[in-house]
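Undergrad: Take a look at this one; I'll ask things after.
Protein chains: 2
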Amino acid sequence: MALCRVCKDKGIKKEADVFLKEDKLYLCEQHFNERFEKNVLSTIKKYRMAKKDDKILVALSGGKDSMALWYVLNKLGYNAKGFHIDLGIGEYSKKSKEVVLTLANILKQEVIIIDIKKELGATIPKIANKITRKTCAICGTIKRYYFNYVAHKNRFNIIATGHNFDDEVSTLFGNILQWNFKYLSKKYPVLWEDEFFPRKIKPFALTTEEEIINYVKFNKIPYITCRCPMSENTPTNYIYKEILLELSGKFRGLRKKFYKTYLKDVFPLFNQQKEKYLNKKLTHCKICGEPSLHEICSVCQIKQKLKEN
Amino acid sequence: MALCRVCKDKGIKKEADVFLKEDKLYLCEQHFNERFEKNVLSTIKKYRMAKKDDKILVALSGGKDSMALWYVLNKLGYNAKGFHIDLGIGEYSKKSKEVVLTLANILKQEVIIIDIKKELGATIPKIANKITRKTCAICGTIKRYYFNYVAHKNRFNIIATGHNFDDEVSTLFGNILQWNFKYLSKKYPVLWEDEFFPRKIKPFALTTEEEIINYVKFNKIPYITCRCPMSENTPTNYIYKEILLELSGKFRGLRKKFYKTYLKDVFPLFNQQKEKYLNKKLTHCKICGEPSLHEICSVCQIKQKLKEN
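Chains as they are written, first to last, in numbering that gives the first Met the number 0: chain D, 0 to 308; chain R, 0 to 308.
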């Protein structure tokens, strides 16, 4: 491999440990890590995501993104507590919980774990089986419920998720192709808190998948590599990801420019009109008090249905 | 081939002559032609492009799009005169002029022909050779100049070009990927006349290339198939065209929905801000009186440079 660019600029000849395709940059491990952490800090500050005294809840699936996020937020000195939901999806969930506990141990931190079977009386596969809705949709609803629930109960004012740049740019691309105004008028690296929800932040919004893969490798961050066995076979987003990578190969820097210019100059135009695309008015669930579109929220409705069965 | 859908709906069994991929539609020649003409009329009316008493100048390159446009505008009863520029690019220009004259003969119409060698004293290849600018750029400048010049001189209030749906949607796609606000804030199927320019219209903005190919075939409209020998090898737009066709194969109707929703709901947002992206103030060329960014317009400057050489 070629020489580390940063070392070279300092007059030192040191072989690079990584080549970053997106930026055409050779770096040694030390300078890669420094750059990675500096960039995440800069994203957090640019979008005013969090201050050092905020209480951040990090949603941990066990995958590389969320695990790297918990690790780096700690390294950067943020008050970031891990939170994991045991979905009860066989080996996948067992392994996910294991890596989360391993990282908790490395970071010498506690982690909040919610066990869906204990909470709702059944695992995700059983719930999906009993209630005729798509598994991924029902699982998403339940996970979002517990993010908010745990944050409210434990007075966290921010929820951080590991969505990386590749996820964000391809989702944006898909929503632009469909002109999905409901998405376009709201989604942003930070979604501000309101009467119903804590703040939601995506500190990896400008960090590529490639960078995260190298960061977990260099820092020996444990994570699971397998995808959830219940997820759809070929997610649409994958097609968009591939197209954008192909275009970025042809037109250098296209993905980053597309995303950053959108956030700066286009998002505000759609966001102005967000009232048009609002959900029905939210209220508080009569049973649990969490945000809901109906008198009784989706998760309390699921609980009721499971009892009836 | 399957049966014509329209005939079938009338209880007649007639074999289809064409299958339109974009709309998954089988039609016989007669019903294809009727649908084609009805759709073009509907585009013209939808965007208030022209009325029957407007004087329309049709820019004819000799390719299928502009030739089909001249033909159909006549068929629909518009006052549409053909206009061709002889660029002096060897065989390509000779053949272009030939097909234009052939169609003029079929339509029993005169056609205005501007000969660049007579006007400027040199053909496009010679001009590009003498003046150090990219051929396509200089040729584009000269063509646009004569569109406006001929329209002004002959009191046409509208210039019509043959840009088809495939061109428009892929150009839009590329300009969205680059967030080219100057383009996005102005380009629309109709560009209204102002102090400097006549109205510009694209009556084929919603007509696919596939439809035009069949229309010229069924109506025996002459056209040249070869591309200009001086044009770039692989235009960027071609890459975007291919990607959109691929996506439309996967998500039915994606291209049409992307373009139509853009025109209806997104263009107005960018257009509101067009003042930000305006060119420097236009003026009238001191020599010829045509619109110009400088005291002397580009074409008069070219004339001067050619004299100096």
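Every residue gets a Cβ at the ideal spot worked out from N, C-alpha and C, and that includes glycine. In this text the structure is predicted, and so the values were computed from the model without any measurement.
Comparing C-alpha positions only, which one of Lys13/D, Glu28/D and Lys7/D sits nearest to Lys218/D?
TA: Correcting the residue type first, residue 218/D is Asn in the shown sequence and not Lys. Looking at the Cα atoms, Glu28/D is the closest of the given residues.
Undergrad: For the beta strand (DSSP E) containing Arg198/R, name the first residue and the last one.
TA: It spans Arg198 to Ile200 - the beta strand (DSSP E) in which Arg198/R sits, taken as one unbroken run.
Undergrad: Taking only three categories from DSSP, how would you classify Leu59/R?
TA: Three-state DSSP puts Leu59/R in a strand.
Undergrad: Quick check on Leu253/D - is its C-beta less than 8 Å from some C-beta in chain R?
TA: It does; some Cβ of chain R falls within 8 Å.
Undergrad: At a Cβ threshold of 8 Å, is Asp264/D touching chain R?
TA: It does; some Cβ of chain R falls within 8 Å.
Undergrad: Measuring only the C-alpha atoms, how far is Leu106/D from His293/D?
TA: Spanning the two alpha carbons is a distance of roughly 40 Å.
Undergrad: Are any of the Cβ atoms in chain R nearer than 8 Å to that of Tyr187/D?
TA: It does not; no Cβ of chain R falls within 8 Å.
Undergrad: Tell me which residue opens and which closes the beta strand (DSSP E) that Ala79/D is part of.
TA: Unbroken beta strand (DSSP E) run through Ala79/D: Ala79 to Asp85.
Undergrad: Given that Trp178/D touches chain R, what residues does it touch there, using C-beta distances under 8 Å?
TA: Simply Lys256, Phe257, Thr260, Tyr261, Asp264 and Val265.
Undergrad: Are at least three pairs of beta-carbons, each pair with one atom in the segment 15–33 of chain D and one in the segment 209–217 of chain D, less than 8 Å apart?
TA: Contact between the segment 15–33 of chain D and the segment 209–217 of chain D is present, because at least three Cβ pairs lie under 8 Å.
Undergrad: Since Val110/D is in the beta strand (DSSP E), which residue starts that stretch and which ends it?
TA: Residues Val110 to Asp114.
Undergrad: Compute the Euclidean distance between the alpha carbons of Ala204/D and Pro188/D, then round it to the nearest angstrom.
TA: Approximately 6 Å between the Cα atoms of the pair.
Undergrad: How is the alpha helix (DSSP H) around Phe18/R delimited, first residue to last?
TA: No alpha helix (DSSP H) contains Phe18/R, which is instead part of the beta strand (DSSP E) from Val17 to Leu19.
Undergrad: Report buried or exposed for Ile11/R, applying the criterion of at least 16 other Cβ atoms within 10 angstroms of its Cβ.
TA: Result: exposed.
Undergrad: Are Asn236/D and Gly173/D close, meaning C-beta to C-beta below 8 Å?
TA: Yes, these two residues count as a Cβ contact at 8 Å.
Undergrad: Which of the residues in the segment 214–244 of chain R, read from start to end, lie with their CB under 7 Å from any CB of chain D?
TA: Listed in sequence order: Ile238 and Ile242.
Undergrad: On the DSSP letters alone, give me the boundaries of the alpha helix (DSSP H) that Tyr145/R sits inside.
TA: Residues Thr134 to Lys152.
Undergrad: For Lys249/D, go through chain R and note every residue whose CB falls closer than 8 Å to its CB, in chain order.
TA: Here the neighbours are Ile238.
Undergrad: So what does DSSP say about Ser291/D, is it helix, strand or coil?
TA: Ser291/D falls in the strand class under three-state DSSP.
Undergrad: Go ahead and label Ala121/R buried or exposed: buried means 16 or more other beta carbons lie within 10 angstroms of its beta carbon, across all protein chains shown.
TA: With 16 or more other Cβ atoms within 10 Å, it is buried.
Undergrad: Pick from Thr207/R, Lys185/R, Glu241/R and Glu307/R: whose alpha carbon is nearest that of Lys63/R?
TA: Closest option to Lys63/R, Cα to Cα, is Thr207/R.
Undergrad: Going by DSSP in three states, His30/D sits in which element: helix, strand or coil?
TA: Looking at His30/D - three-state DSSP - the assignment turns out to be helix.
Undergrad: Along the beta strand (DSSP E) that carries Ala310/D, what are the first and last residues, could you check?
TA: There is no way to answer for residue 310/D, as the model of chain D reaches only from 0 to 308.
Undergrad: Does any C-beta atom of chain R lie closer than 8 Å to the C-beta of Leu205/D?
TA: So, not an interface residue.
Undergrad: In whole angstroms, what separates the C-alpha of Cys138/R from that of Lys302/R?
TA: Those two C-alpha atoms are separated by around 14 Å.
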